[in-house]
Amino acid sequence: LKEPAPKTIDDLHRLNLDGKLDTQQGYLYNGYSFVNYDGIWYTQIMSPKGTRMYDSAFRFGPREAEDVPIIGRLDATLFNRASTYYVTFDPLGSQFNYVAVAVADINQNMMKVFEKTPIAACDKNETEACNERPIIDCSNTKDLVFYIKEKNETRVYIEDNCINIEGSQAEMVRAVDKLLFVLYGISE
45 LKEPAPKTID DLHRLNLDGK LDTQQGYLYN GYSFVNYDGI WYTQIMSPKG
95 TRMYDSAFRF GPREAEDVPI IGRLDATLFN RASTYYVTFD PLGSQFNYVA
145 VAVADINQNM MKVFEKTPIA ACDKNETEAC NERPIIDCSN TKDLVFYIKE
195 KNETRVYIED NCINIEGSQA EMVRAVDKLL FVLYGISE
């Protein structure tokens with residue numbers, strides 16, 4: 045008898061844990077089940093308080109993000125105590141579509157799992173959209189900042205209160221996923 049096709053992401057996780065998916069559909073990574081459904085990778089994350097399980101979605105799996113370097117160490121006390129954070133970027137950049145995806149992915153995870161509220165910011169006041177936003181570039185605040193930067197090199201660089209996420213186009217989104225895997229304790 046052939047098994048029925050999986051209907052839900054939970055069905056895919058069960059098949060993955062039973063070793064019945066090929067590696068394009070799912071794999072285990074450091075004890076976490078990752079399944080691919082419609083081009084998005086899903087895993088289950090326990091909230092930091094240990095009170096709730098979340099289904100979290102990523103555009104890249106942890107294997108695809110392994111080679112993104114994370115330089116520096118996050119101040120765990122600052123991160124854990126922060127109820128809000130800034131997310132900032134260069135409003136004159138040329139890769140706004142990718143910046144928007146990176147920001148949305150950070151915000152979704154920070155709000156849902158870590159229960160932190162984003163404050164939209166710009167690194168300079170050069171556009172209409174930035175007129176009403178705080179101007180944050182990491183040197184002018186001690187609060188937690190996620191700084192999305194269009195760069196040729198893909199990496200996450202952490203210095204003091206500032207988490208710099210750097211990359212070009214989809215690479216900046218891959219860097220966001222790597223950072224999230226580290227914040228969740230899935231990878232180092």
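According to our numbering, the sequence shown is numbered sequentially starting from 45.
Where a beta carbon is used, it is the ideal one built from N, C-alpha and C, also for glycine.
Query raised in the report: Taking the C-alpha atoms as reference points, what is the distance between residue 165 and residue 189?
Result: Position 121 of the sequence shown, counted from the start, is the residue given in the question as residue 165. Position 145 of the sequence shown, counted from the start, is the residue given in the question as residue 189. Rounded to whole angstroms, residue 165 to residue 189 spans 10 Å at the Cα level.
**Report entry** Cβ distance (whole Å) where residue 150 is taken to contact residue 226 below 8 Å
**Finding:** Position 106 of the sequence shown holds residue 150. Position 182 of the sequence shown holds residue 226. Not quite, the Cβ-Cβ distance comes to about 13 Å (not below 8 Å), so this is no contact.
**Report entry** Inter-residue CB distance, residue 176 and residue 137 (contact presumed, cutoff 8 Å)
**Finding:** On the sequence shown, position 132 is the one that residue 176 refers to. On the sequence shown, position 93 is the one that residue 137 refers to. In fact, because the Cβ distance is near 19 Å, the residues do not count as touching under 8 Å.
Query raised in the report: In the DSSP assignment, what residue or residues form a beta bridge with residue 199?
Result: Locating residue 199 in the sequence shown gives position 155, counting from the first residue. Beta-bridge pairing links residue 199 to 210.
Report task. Would you mind giving the Cβ-Cβ distance between residue 168 and residue 129, rounded to the nearest angstrom? I have them listed as a contact below 8 Å. Result -> Indexing the sequence shown from 1 puts residue 168 at position 124. Indexing the sequence shown from 1 puts residue 129 at position 85. Actually they do not touch by this definition, with Cβ atoms about 19 Å apart.
Requested in this report: Work out the CA separation of residue 191 and residue 205 for me, nearest whole Å.
Outcome: Within the sequence shown, residue 205 is the residue found at index 161, counting from 1. Within the sequence shown, residue 191 is the residue found at index 147, counting from 1. So the alpha carbons of these two residues sit roughly 10 Å apart.
Query raised in the report: Between 145, 211 and 132, which lies nearest to residue 184 when the distance is taken from Cα to Cα?
Result: Taking the sequence shown and counting its residues from 1, the one referred to as residue 184 is at position 140. Ranking the options by Cα distance to residue 184, first place goes to 132.
**Report entry** Top-ranked residue by Cα proximity to residue 76, from 200, 93, 99 and 82
**Finding:** Here the question's residue 76 lines up with position 32 in the sequence shown. The option with the nearest alpha carbon to residue 76 is 99.
Report task. Alpha carbon to alpha carbon, how far is residue 211 from residue 74? Give it in angstroms, no decimals. Result -> Indexing the sequence shown from 1 puts residue 74 at position 30. Indexing the sequence shown from 1 puts residue 211 at position 167. Taking the straight line joining both Cα atoms gives about 26 Å.
Query raised in the report: Should residue 139 go down as buried or exposed, given a rule of 16 or more other Cβ atoms within 10 Å for buried?
Result: Numbered from its first residue, the sequence shown carries residue 139 at position 95. Residue 139 should be labelled buried.
**Report entry** Reduced DSSP secondary structure (H/G/I, E/B, other) of residue 180
**Finding:** Counted from its first residue, the sequence shown places residue 180 at position 136. Coil, per DSSP.
**Report entry** Rounded straight-line distance, which links the Cα of residue 111 to that of residue 56
**Finding:** For the purposes of this step, residue 56 is taken as residue 12 along the sequence shown, with counting starting at 1. For the purposes of this step, residue 111 is taken as residue 67 along the sequence shown, with counting starting at 1. Those two C-alpha atoms are separated by around 26 Å.
Query raised in the report: Shortest alpha-carbon distance to residue 230 belongs to which of 107, 125 and 155?
Result: Here residue 230 corresponds to residue number 186 of the sequence shown, with the count starting at 1. Ranking 107, 125 and 155 by Cα distance to residue 230 puts 107 first.
**Report entry** According to DSSP, residues forming a beta bridge with residue 193
**Finding:** As a first step, residue 193 must be located in the sequence shown, where it is residue number 149. 210.
Report task. Measure the beta-carbon distance from residue 187 to residue 126 and round it to whole angstroms, keeping in mind my assumption that it falls under 8 Å. Result -> What you label residue 187 is simply residue 143 of the sequence shown in a count that begins at 1. What you label residue 126 is simply residue 82 of the sequence shown in a count that begins at 1. With 8 Å as the limit, residue 187 and residue 126 qualify as a contact, their Cβ atoms being about 7 Å apart.
**Report entry** Beta-bridge partners of residue 100, as assigned by DSSP
**Finding:** Locating residue 100 in the sequence shown gives position 56, where the first residue counts as 1. Its beta-bridge partners are 87.
Query raised in the report: Thinking just about the alpha-carbon of each residue, which of 95, 54, 102 and 78 is nearest to the one in residue 147?
Result: For this step, residue 147 is matched to residue 103 along the sequence shown. Minimum Cα distance to residue 147 is reached at 102.
Report task. Can you tell me which of 97, 81 and 72 puts its alpha carbon nearest to the alpha carbon of residue 49? Result -> Position 5 of the sequence shown holds residue 49. Measuring from the Cα of residue 49, the nearest candidate turns out to be 81.
Query raised in the report: With burial defined as no fewer than 16 other Cβ atoms inside 10 Å of the residue's Cβ, what is the status of residue 93: buried or exposed?
Result: Residue numbering aside, residue 93 sits at position 49 when the sequence shown is read from its first letter. Exposed, by the Cβ-count rule.
**Report entry** Beta carbon of residue 217 nearer than 8 Å to that of residue 142
**Finding:** Looking up residue 217 in the sequence shown gives position 173. Looking up residue 142 in the sequence shown gives position 98. Yes; because the gap between Cβ atoms is below 8 Å, this pair is in contact.
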